[in-house]
Amino acid sequence: MSQQSRSTFVLTDPTEILAALVGLKDVRVLQYQRRGHEVELMIEQVVDTVSCSRCGERARVKERPVVSYVDLPVYGAPMRLAWKKHRMACPNRHCDVQSFVLADHRIAAKSCLLTTRAAKWATVQVGTGRTVKEVAGELDCDWHTVNDAVTTYGAALLDADRKRLARTSAIGLDETSFVRLGRYRHTSFATTVADVEHHQIIDILESRDYKDVARFLDRQPEAWKNQIRFGALDMSATYAAVYSVVLPNALQVVDPFHAIKLANQALDEVRRRVQQERLGHYAGDLVKNPASGLCQPAWVSMRSRRPSKIFCRPT
Ligand SMILES: [Zn+2]
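For our numbering, count along the sequence shown from 1 and bump the result up by 27.
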């Protein structure tokens, strides 16, 4: 059994205390600024000698652009991290590399407006049920800023999580009407690819078209496709075609929910037809009686709700 060791240390030097509070490796804190309720911390990387990646010449600092990132709140106050970057220039005239900016993914990833730690935190928050709007409110930033970061980091997590794909031998395809894109747009559909053996979603595709769903399954490793023995579907001809072409060895199984739904629809049609033939009129839909738990025509339910003082004589 392994024992976890925890280091304990005490800092007394103000610079070291500040570095520990900031919690970023290989950075120097340049400035603390407060504007209204917003706090901004300016940092820079600790840089030694930088060489051009193409020719190896020693690069020189050309510019110091400042890029602002949304960081985690500190002591309840929204925080911005102003990163004073190093734009370097290669002195070699024959080199194709004219200039480049030093990066550090531990501070912030390329094209992300959140710091790495804020983006990871936001991804966990949204992944465990909070809305993007709530998280954006806590970080005091735009909805799109959080959504873009969560999408980027969430996609990376999905790509890294191969276990969710590898362990199943039964998958399911199901369509979901997902969002109405606008007043004059149609409802769009997404396809949920699920591990029906372990009750886990594998992925959600932004389409229910044959080519998109088939492409997703076809992209998966050959070993994974060979281990899929069952393919659940909602009686959609498209999904049946996907299974037939991409996973021909998988046994196609109709989802019980959709089978029962179809059986109920068929039974209801027969009931309406028989009632029409016997009574000469439509007798209404079936509703569930909360007292007995049984289904009965709606007019029976309505009669049972009448006040007891009104006595209905049988005719
Ligand atoms: Zn160079």
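Where is the CB? At the ideal position from N, CA and C, for every residue including glycine.
Start-to-end residues for the beta strand (DSSP E) that takes in residue i
i: Gly118; result: Note on residue identity: the sequence assigns Pro, not Gly, to residue 118. From DSSP, Pro118 is part of no beta strand (DSSP E); its letter is neither H nor E.
i: Thr214; result: Thr214 to Asp222
i: Gln227; result: Gln227 to Leu232
i: Gln152; result: Looking at the DSSP string, Gln152 is not in any beta strand (DSSP E); the run it does join, the alpha helix (DSSP H), is Thr143 to Gly154.
i: Ser126; result: Ser126 to Val128
For residue i, the first and last residue of its enclosing alpha helix (DSSP H)
i: Leu166; result: Val159 to Leu166
i: Leu184; result: Trp170 to Ala187
i: Arg210; result: Where Arg210 is concerned, there is no enclosing alpha helix (DSSP H), given that its DSSP letter is neither H nor E.
i: Leu192; result: Lys190 to Ala193
Alpha carbon of residue i to alpha carbon of residue j, nearest angstrom
i: Leu45; j: Glu165; result: 24 Å
i: Ile337; j: Phe257; result: With a pLDDT of only 42 at Ile337, under 50, the local geometry of the prediction cannot be trusted, and no value is derived from it.
i: Lys52; j: Arg133; result: 8 Å
i: Trp148; j: Ala290; result: 46 Å
i: Leu108; j: Ala135; result: 10 Å
i: Ile70; j: Val88; result: 16 Å
i: Ser215; j: Tyr237; result: 15 Å
i: Lys247; j: Thr219; result: For the sequence presented, residue 247 should be read as Gln rather than Lys. Distance between the alpha carbons of Gln247 and Thr219 is about 16 Å.
i: Glu84; j: Gln72; result: 20 Å
i: Gln15; j: Ala197; result: With the chain represented from 28 up to 342, any question about residue 15 goes unanswered, as that position is not in the structure.
i: Ala187; j: Ala318; result: 52 Å
i: Cys168; j: Val97; result: 7 Å
i: Gly63; j: Tyr102; result: 15 Å
i: Ala104; j: Glu67; result: 10 Å
i: Thr158; j: Ala250; result: 37 Å
i: Ala47; j: Glu65; result: 21 Å
i: Arg235; j: Glu202; result: 6 Å
i: Gln227; j: Ala221; result: 6 Å
i: Asp162; j: Asn174; result: Before going further, note that residue 162 is Val rather than Asp in the sequence given. Looking at the two C-alpha atoms, the distance is approximately 9 Å.
i: Lys137; j: Val74; result: 19 Å
i: Leu185; j: Val77; result: 35 Å
i: Tyr266; j: Glu233; result: 15 Å
i: Ser80; j: Asp239; result: 40 Å
i: Trp110; j: Ala176; result: 18 Å
Supposed close pair residue i, residue j - CB separation, criterion 8 Å
i: His6; j: Leu99; result: Since the first residue shown for the chain is 28 and the last is 342, residue 6 is missing from the structure and cannot be characterised.
i: Val269; j: Leu244; result: 7 Å
i: Thr178; j: Leu140; result: Rounded, the Cβ-Cβ distance is 12 Å, inconsistent with contact.
Any chain D beta carbon closer than 9 Å to residue i
i: Val223; result: Note that chain D does not occur in the displayed structure, where there is just one protein chain.
Whole beta strand (DSSP E) runs in the segment 243-307 with 3 or more residues, listed along the chain?
257-260 and 278-281
Can you check the segment 31-60 for any alpha helix (DSSP H) of at least 4 residues that lies completely inside it and give the ranges in chain order?
41-49
Does the pairing of the segment 187-206 with the segment 136-155 give three or more beta-carbon distances under 8 Å?
Contact between the segment 187-206 and the segment 136-155 is absent, because fewer than three Cβ pairs lie under 8 Å.
Are three or more beta carbon pairs between the segment 245-262 and the segment 275-286 nearer than 8 Å?
The answer is yes - the segment 275-286 touches the segment 245-262, with three or more Cβ pairs under 8 Å.
Measuring CB atoms only, is the segment 139-148 touching the segment 118-125, in the sense that at least three cross pairs come out at less than 8 Å?
no
Pick out the complete beta strand (DSSP E) segments inside the segment 53-109, 3 residues or longer, and give them in chain order.
54-62, 65-72, 87-90 and 93-101
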